[in-house]
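In the working numbering, the protein residues as written are 15 to 167. Glycine included, C-beta positions come from ideal geometry on N, C-alpha and C. Here's the structure, in structure tokens; my notes come after.
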């Protein structure tokens, strides 16, 4: 069985576009949501199993709660198994009490939208296929990257 994954990143919901005049700024802000809706629609049309947002769904940690809820509402229109959202460097997870991600998880309750902001393994099942997903430690704001070098020659 083929598994179809639609991947996106760097959507930057909440980007303010302050350098533009008001009518342009308002349209650009609205276009972020429209672009996300088109992604969801594309995933539905292609019968994708998963929609993966690999970081920076939001532009900053202080996105208004109404925009977070609107984002979840748009993502919840995805008809596949799940929308999997990882934190990025703009919308990093400060820990379990992160305001942005608490608001996101609350809005996503009862939907197929999941914020993968905690370390661990999450299993997903599609008919007879099991998919294991390991969320690496890099989602935490205080994580230090460790580099291990190996000579493969």
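By the neighbour-count criterion, in which 16 or more other beta carbons inside 10 Å mark a residue as buried, residue 124 falls on the exposed side. Closest option to residue 25, judged by alpha-carbon separation, among 71, 77, 115, 35: 71. With 16 or more other Cβ atoms inside 10 Å of its own Cβ, residue 112 counts as buried.
Closest in C-alpha terms to residue 134, from the list 118, 100, 126, 105, comes 100.
Annotation: residue 114 is outside any beta strand (DSSP E); the continuous alpha helix (DSSP H) that includes it extends over 113-122.
The beta-carbon distance between residue 74 and residue 105, rounded to whole angstroms, is 7 Å. This is short enough to meet the 8 Å contact definition. Between residue 118 and residue 83, the alpha-carbon positions lie close to 7 Å from each other. Around the beta carbon of residue 27, a 10 Å sphere encloses 16 or more other beta carbons of the protein chains shown; the residue is thus reported as buried.
Boundaries cannot be given for residue 101, as no alpha helix (DSSP H) includes it and DSSP labels it neither H nor E. Taking 8 Å as the cut-off, the beta carbon of residue 88 is found closer than this to the beta carbon of residue 54. Under the rule that a run must span 3 or more residues, the beta strand (DSSP E) segments found entirely inside the segment 58-87 read 64-68. Taking C-beta atoms as the reference points, residue 94 and residue 69 fail to come closer than 8 Å. Between residue 128 and residue 86 a beta carbon distance of about 11 Å is seen, past the 8 Å cut, so the two are scored as non-contacting. Each residue's CA atom was taken as its position, placing residue 34 and residue 40 some 9 Å apart. Taken through DSSP and simplified to helix, strand or coil, residue 42 comes out as helix. Under DSSP, residue 131 shares a beta bridge with no residue.
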